[in-house]
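To start, the structure under review is shown below, and the notes come after it.
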């Protein structure tokens, strides 16, 4: 067997070794012998021992088996897994010839007494050139990676600084607008109060006192059917106003609707972020929903619907009253204040309480001279958009398929999201991932991400059915087991 090719296996498990022996034994033109003292190496580049050997040992005459060929681009002899018998035999024969030529050259040099004979070998010079080139390429790649990392870090820091400055400026402007509006309201109220007659003031005060003493045990903000509350509602109706008209009264306090001026600007609800690679999403693409006000308003809505009672959400000295029956919300906070609060994470979670009586409702409403009201789902959606600004909730997968459960929900006709109808129609037709939707519509990612935030916080997506996926995965596992059993049967017959 002097002409046999001797092969040393490195990092190869017993099952793979058995398969290799079987393949080599069937080769008719060349005899192969597994010999752990051989100079020709066959290394499993995916095993721990194989990787360690490649890193630490000399392996000039070696063949590497791997599923990831790109990992060993610098090595001249790499075989793709799963192995093909003809590729394995051909590569082993090529390397064995190189080894034989090397050994023959070394023998001639020894016989001639020339220790420098190897430097005349084309193969040796080629290996030196390849090693030198690999070293230069590696150093160049490391330098490029370092410069890229520094540039990205600098750009990230500049972007974060700009965002912080913009948020602070927006917050200051919102506070200024709130102060100006509060001042105007105080002046208007003082003028109206001065014009009232003493008899009218006494009558209103008496009605409020009587109403506060009553416990109607109702879950509605609608004025009661009897008593002072009804008289107040009837008086408003005679003036041509109902409880949802600007200037209508609730427990003696004037109601004003939100105008949502801050929700008409796409930059304020979708942000200005540039598109990113959906295969490697940066951290700034996500935000923690539970840090922001919209999450707690949605949670309070769920509590109110489950209990079918009014719920109050307290933020410092202000409140938000949620009425589940007509899906409305009343608050002491004007739109500018809500916008400013939604831009920043909350320091403390708001308190949420269920109100059992109309008297308890009246106590909150009568703390302030003006109450603002809105459709509940619309306010939740706008709060979420102000907080997200084109970002995705943490934990969102761009490879998870979603489909709209309620494409005809009125929120899609109320919101001023850019391209909202195109996104709605695409997601209503069939389940699609965020990645697929971005590729199909070719819209800025922040438009699609903002739509996702609204649908997610309002629960408008259906649950994904993974039955077919699990069945397919089980079938793949069974095929693997069948292949292994077949190989074992062949080995038993040897």
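Residue numbers (the working numbering): 27 to 520.
Where a beta carbon is used, it is the ideal one built from N, C-alpha and C, also for glycine.
- Message: Just to confirm my understanding: we take residue 380, look at its own chain, exclude 5 residues before and 5 after, and list those with CB closer than 6 angstroms. What are they?
- Response: For residue 380, where only same-chain residues beyond five positions count, the Cβ hits under 6 angstroms are 333, 335 and 337.
- Message: Looking only at its chain, what residues have a beta carbon closer than 6 angstroms to the beta carbon of residue 246, apart from the 5 residues adjacent to it on each side?
- Response: Note that residue 246 has pLDDT 38, beneath the 50 cutoff, so the model's placement of it is unreliable and no number is given.
- Would you call the CB atoms of residue 437 and residue 482 closer than 7 angstroms? In this structure, residue 437 lies away from residue 482, with their beta-carbon atoms at least 7 angstroms apart.
- Counting only the same chain and skipping the five closest in sequence on each side, list residues whose C-beta sits under 7 angstroms from that of residue 65. Around residue 65: 87 and 125.
- Query: Alpha carbon to alpha carbon, what distance is there between residue 419 and residue 96?
  - Reply: Within the model, the alpha-carbon separation for residue 96 versus residue 419 is close to 35 angstroms.
- Look at the alpha carbon of residue 162 and the alpha carbon of residue 507, and state the distance between them as a whole number of angstroms. Taking the straight line from one Cα to the other gives about 45 angstroms.
- Task: Compute the beta-carbon to beta-carbon distance between residue 409 and residue 364, rounded to the nearest angstrom, for a pair I have assumed lies under 8 angstroms.
- Result: Cβ atoms of residue 409 and residue 364 come within 8 angstroms of each other, at about 7 angstroms.
- Limits of the unbroken beta strand (DSSP E) element including residue 34: Residue 34 -> beta strand (DSSP E) spans 31-36.
- Task: Please report the residue range of the beta strand (DSSP E) in which residue 280 lies.
- Result: In the DSSP assignment, residue 280 falls within the unbroken beta strand (DSSP E) covering 279-283.
- Rounded separation between residue 178 and residue 185 - CA only: Going from the Cα of residue 178 to the Cα of residue 185 covers about 10 angstroms.
- Item | Boundaries of the beta strand (DSSP E) in which residue 106 is found, first to last residue | For residue 106, the enclosing beta strand (DSSP E) begins and ends at 104-106.
- Message: Judging by CA-CA distance, which residue of 46, 85, 302 and 42 is the nearest neighbour of residue 73?
- Response: With distances taken between Cα atoms, residue 73 lies closest to 42.
- Message: Using 8 angstroms as the cut-off, can you tell me whether the region 421-433 makes contact with the region 385-399, which would need three or more C-beta pairs spanning the two stretches below that distance?
- Response: When C-beta atoms of the region 421-433 are compared with those of the region 385-399, fewer than three pairs fall below 8 angstroms, so the two segments do not count as touching.
- Item | residue 508 - DSSP class collapsed to helix/strand/coil | If DSSP states are grouped into helix, strand and coil, residue 508 belongs with the helices.
- Message: Let me confirm a value: residue 194 is counted as buried when at least 16 other C-beta atoms fall within 10 Å, else exposed. Which label applies?
- Response: Residue 194 comes out exposed.
- Task: Could you spell out where the alpha helix (DSSP H) holding residue 362 opens and where it closes?
- Result: In this chain, the alpha helix (DSSP H) harbouring residue 362 covers 361-369.
- Message: Tell me which residues share the same chain as residue 106 and place their Cβ nearer than 6 angstroms to its Cβ, disregarding the 5 neighbours each side in the sequence.
- Response: Cβ within range, chain order: 95.
- Task: Buried or exposed for residue 320, please, with buried defined as at least 16 other CB atoms from any protein chain shown within 10 angstroms of its CB.
- Result: Under this definition residue 320 is a buried residue.
- Message: So, with DSSP's three-state summary, where would you put residue 456?
- Response: Looking at residue 456 - three-state DSSP - the assignment turns out to be coil, as it is neither helix nor strand.
- For residue 403, count neighbouring C-beta atoms within 10 Å of its own C-beta (all shown protein chains included) and say buried if the count is 16 or more, exposed if not. By the neighbour-count criterion, in which 16 or more other beta carbons inside 10 Å mark a residue as buried, residue 403 falls on the buried side.
- Query: How is the beta strand (DSSP E) around residue 349 delimited, first residue to last?
  - Reply: From DSSP, the beta strand (DSSP E) with residue 349 extends over 344-349.
- Query: Which residue or residues does DSSP assign as beta-bridge partners of residue 379?
  - Reply: By DSSP's assignment, residue 379 forms a beta bridge with 338.
- If we count the other Cβ atoms within 10 Å of its Cβ and call it buried at 16 or more, is residue 330 buried or exposed? It counts as buried.
- Query: Where does residue 94 sit, in a helix, a strand or coil, going by DSSP?
  - Reply: Here residue 94 sits in coil by DSSP.
- Query: Is it true that the region 286-303 meets the region 443-457, where meeting means three or more beta-carbon pairs spaced less than 8 angstroms apart?
  - Reply: A contact exists between the region 286-303 and the region 443-457.
- Would the beta-carbon of residue 397 fall within 7 angstroms of that of residue 345? Residue 345 sits away from residue 397, with the two beta carbons spaced by 7 angstroms or more.
- Query: Roughly how many whole angstroms lie between the Cα atoms of residue 33 and residue 58?
  - Reply: Roughly 7 angstroms between the two C-alpha positions.
- Report, in whole angstroms, the separation of the C-beta atoms of residue 475 and residue 400, which I expect to be a contact under 8 angstroms. In fact, because the Cβ distance is near 24 angstroms, the residues do not count as touching under 8 angstroms.
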